[in-house]
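Colleague:
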Amino acid sequence: MADERTWSIAELADEYGVTLRTIRFYEEQGLLTPARDGTRRIFHDGDKVRLGLVLRGKRLGFPLDEIKKIIGMYDAEPGEVGQLRYLLDQIEHRRSELEQRRRDIDATLSDLAELERRCRADLERLAG
355 MADERTWSIA ELADEYGVTL RTIRFYEEQG LLTPARDGTR RIFHDGDKVR
405 LGLVLRGKRL GFPLDEIKKI IGMYDAEPGE VGQLRYLLDQ IEHRRSELEQ
455 RRRDIDATLS DLAELERRCR ADLERLAG
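In the numbering used here, the protein residues as written are 355 to 482.
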């Protein structure tokens with residue numbers, strides 16, 4: 355398709371706010387497979403979409419191996435339905451991890467508030 359839009363590595367890096375090194379790393383990991391014209395990388399629509407999915411997955415806290423598996427399931431068996439079921443399982447797992455972190459943070463904040471209250475009371479008692 356001669357009219358298909360393509361992007362250079364610099365254009366994608368600029369558009370997504372990542373470094374060239376990040377894109378090269380994702381390519382080394384098999385997450386992106388740009389075409390080549392000599393040493394020049396040529397990214398097509400699919401590459402751009404995959405990069406967006408990888409970055410979204412990273413932002414949500416998924417490890418690269420999980421992101422690769424989820425993206426790879428789209429083209430392979432069990433296909434999109436299997437991919438979505440797997441992704442829902444991963445979302446549930448990730449949500450559970452984050453909710454536990456939130457409980458841990460809330461407990462830590464509560465401990466800090468109690469410690470602060472005791473310190474202020476001790477300071478007031480010692481100063482007054």
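For glycine and all other residues, C-beta sits at the position ideal for the given N, C-alpha and C. On a predicted model such as this, the values are computed, not experimentally measured, just so you know.
Just to confirm before moving on: does the CB-CB distance between F397 and T360 stay below 8 Å?
Modeller: In this structure, T360 lies closer than 8 Å to F397 by Cβ.
Colleague: Give the straight-line distance between the Cα atoms of D368 and L441, rounded to the nearest whole angstrom.
Modeller: Distance between the alpha carbons of D368 and L441 is about 28 Å.
Colleague: Touching or not, the stretch 419-428 and the stretch 378-389, by the rule of three or more beta carbon pairs under 8 Å?
Modeller: Yes, they touch.
Colleague: So, under 8 Å CB-CB, F416 and R449 are touching, yes? Tell me the CB distance rounded to an integer number of Å.
Modeller: Contact doesn't hold; Cβ gap of about 12 Å is too wide.
Colleague: Roughly how many whole angstroms lie between the Cα atoms of R378 and I445?
Modeller: When rounded, the distance between both Cα atoms is 27 Å.
Colleague: Would E358 and D399 qualify as a contact pair, given that the criterion is a beta-carbon distance under 8 Å?
Modeller: It is a contact, given that the beta carbons lie within the stated cut-off.
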